[in-house]
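To start, the structure under review is shown below, and the notes come after it.
Residue numbers (the working numbering), protein chains in the order written: chain A, 732 to 995; chain B, 732 to 995.
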């Protein structure tokens with residue numbers, strides 16, 4: 732018994748530190764495969780033989796655009812310690828590096844209470860949020876067929892051609908197929924799930940991610956993930972996206988920052 | 732004519748993608764070598780043959796504690812594109828990986844004006860800030876002999892045993908040797924220059940960095956760097972540090988986030 736998402740991100744051992752994967756076109760975003768989906772797939776390989784189950788610190792550099800279909804992940808184990816185990820995981824297609832990563836995994840205590848926790852972001856209650864896709868008889872396109880979104884109406888003006896005036900989006904995400912509770916791999920998808928926040932300043936268009944680093948901070952509870960994405964600067968064609976994911980019990984479960992290029 | 736810092740972080744080509752380095756005990760922090768110093772040294776190797784001069788997105792995983800003295804950096808070039816060039820740079824000592832990194836470099840326009848910029852942090856004027864070290868006749872110890880700090884009095888209570896009650900530090904940093912204007916390598920040191928922000932909640936002691944990712948956002952002007960470091964959560968022995976560096980002309984020049992372990 733596995734979910735659609737588990738099958739789409741599955742890795743098959745093909746040798747020592749070598750895994751075969753089948754990249755699934757269902758996780759595409761108007762053409763290119765979704766970065767979060769690729770990260771989830773790489774993480775399955777990186778953690779396949781790890782002594783630690785939780786990807787605490789994960790940095791990904793997006794080099795080329797892979798096609799749906801077969802690809803390979805090479806995993807190089809760099810250290811296996813009591814607190815953390817670090818590996819490099821590299822996605823390869825046509826003998827070229829598509830996506831490279833360094834992953835430090837740890838073992839988080841699922842019932843740990845924070846010693847200190849900042850204020851959660853203010854996000855409208857989910858019943859006040861809007862779903863951005865017009866569901867057609869064939870279902871929504873690409874990633875939105877797999878991931879369900881709700882947008883806080885304060886930050887979703889770009890959907891109606893009325894951008895907020897600053898790079899910020901807030902709302903909720905979960906996998907459309909249920910039950911599919913948040914786990915490390917769903918978190919990887921969610922950290923890159925929102926549209927580019929530069930939509931909020933009217934800069935529409937595909938905005939390729941160059942690098943994304945995310946941190947798993949706690950084991951998420953079942954249910955929707957609340958998400959806030961904010962940027963500090965858009966300059967010289969580059970922008971940052973800073974992401975927080977909070978679970979349904981109010982725990983900070985992941986943080987991320989990515990650097991991306993403004994779409995043209 | 733080179734500065735002390737340039738000599739301490741110099742790399743010497745020893746083959747194709749292989750560089751010899753001499754780790755300098757002057758950049759130690761009560762024993763271990765400073766993470767920012769190690770990052771600066773790795774970056775010199777990563778950028779030595781890069782078509783792009785600015786380390787835009789740089790992720791470092793700290794695996795082992797190196798000794799001062801000779802070590803080697805291996806650089807694997809992964810992609811050389813018009814917008815970004817990505818390389819892996821690995822610091823090796825005694826045949827073990829000490830520090831591993833993925834670096835995506837770009838070419839920033841030194842006179843670009845931001846399309847959008849968030850509010851700068853409020854930091855006390857430098858003349859109201861305090862220098863934390865009692866200068867002895869031999870000068871301050873370790874890293875503080877190389878890097879000069881000023882602490883905003885609102886967040887420096889930990890110096891007097893009166894922690895602020897939240898993980899935050901603000902102030903200014905620059906290299907002690909002048910002139911040594913901020914450049915990508917000084918930024919690397921500065922992103923990791925402040926003491927662990929958990930000092931602000933009374934958790935003293937050495938707090939090892941597991942992973943640090945930083946982004947160069949603009950070419951810094953000469954002068955002091957204003958720095959703000961804040962954390963979102965301290966839990967289960969892990970804490971995050973989110974860093975912003977602003978130059979003397981009010982530009983956001985670097986952002987960083989690290990995951991570290993609470994000292995015991």
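We put the beta carbon where it would ideally sit given N, CA and C, even for glycine.
Among the options, which one has its Cα closest to the Cα of residue i?
i: residue 816 of chain B; options: B/783, B/827 and B/948; result: B/783
i: residue 805 of chain A; options: A/886, A/777, A/895 and A/969; result: A/777
i: residue 787 of chain B; options: B/839, B/940, B/757 and B/822; result: B/839
i: residue 793 of chain A; options: A/807, A/767, A/750 and A/811; result: A/767
i: residue 862 of chain A; options: A/916, A/913, A/800 and A/925; result: A/925
i: residue 972 of chain B; options: B/848, B/979, B/897 and B/981; result: B/897
i: residue 780 of chain A; options: A/892, A/770 and A/746; result: A/746
i: residue 759 of chain B; options: B/855, B/828 and B/937; result: B/937
i: residue 847 of chain B; options: A/984, A/969, A/990 and A/995; result: A/969
i: residue 770 of chain B; options: B/811, B/757 and B/822; result: B/822
i: residue 895 of chain B; options: B/859, B/911 and B/929; result: B/929
i: residue 985 of chain A; options: B/906, B/990 and B/984; result: B/990
i: residue 814 of chain B; options: B/830, B/799 and B/835; result: B/835
Can you find a C-beta in chain A that's less than 9 Å from the C-beta of residue i?
i: residue 970 of chain B; result: yes
i: residue 938 of chain B; result: no
i: residue 792 of chain B; result: yes
i: residue 849 of chain B; result: yes
i: residue 924 of chain B; result: no
i: residue 992 of chain B; result: yes
Less than 9 Å separating the beta-carbons of residue i and residue j?
i: residue 966 of chain B; j: residue 850 of chain A; result: no
i: residue 942 of chain B; j: residue 791 of chain B; result: yes
i: residue 923 of chain B; j: residue 901 of chain B; result: no
i: residue 763 of chain A; j: residue 927 of chain A; result: no
i: residue 824 of chain A; j: residue 754 of chain A; result: yes
i: residue 974 of chain B; j: residue 988 of chain B; result: yes
i: residue 889 of chain A; j: residue 837 of chain A; result: no
i: residue 765 of chain B; j: residue 950 of chain B; result: no
i: residue 852 of chain A; j: residue 957 of chain A; result: yes
Should residue i be labelled buried (16 or more other beta-carbon atoms within 10 Å of its own) or exposed?
i: residue 820 of chain A; result: buried
i: residue 962 of chain A; result: buried
i: residue 934 of chain B; result: buried
i: residue 948 of chain A; result: buried
i: residue 877 of chain A; result: buried
i: residue 842 of chain A; result: exposed
i: residue 826 of chain A; result: exposed
i: residue 832 of chain B; result: buried
i: residue 733 of chain B; result: exposed
i: residue 959 of chain B; result: buried
i: residue 775 of chain A; result: buried
i: residue 909 of chain A; result: exposed
Since I believe residue j is in contact with residue i (beta carbons under 8 Å), could you give me their beta-carbon distance rounded to a whole number of angstroms?
i: residue 919 of chain A; j: residue 945 of chain A; result: 7 Å
i: residue 740 of chain A; j: residue 916 of chain A; result: 6 Å
i: residue 885 of chain B; j: residue 904 of chain B; result: Actually they are not in contact, since the Cβ atoms of residue 885 of chain B and residue 904 of chain B sit about 17 Å apart, beyond 8 Å.
i: residue 881 of chain A; j: residue 860 of chain A; result: 4 Å
i: residue 749 of chain B; j: residue 803 of chain B; result: 6 Å
i: residue 994 of chain A; j: residue 873 of chain A; result: Between residue 873 of chain A and residue 994 of chain A the Cβ distance is about 16 Å, and since that is not below 8 Å, they are no contact.
Establish whether the CB of residue i and some CB of chain B are separated by less than 9 Å.
i: residue 975 of chain A; result: yes
i: residue 810 of chain A; result: yes
i: residue 952 of chain A; result: no
i: residue 774 of chain A; result: no
i: residue 822 of chain A; result: no
i: residue 817 of chain A; result: yes
i: residue 927 of chain A; result: no
Mind checking if residue i is an interface residue toward chain E, Cβ cutoff 9 Å exclusive?
i: residue 919 of chain B; result: In summary, chain E is missing from the structure at hand, where the protein chains are A and B.
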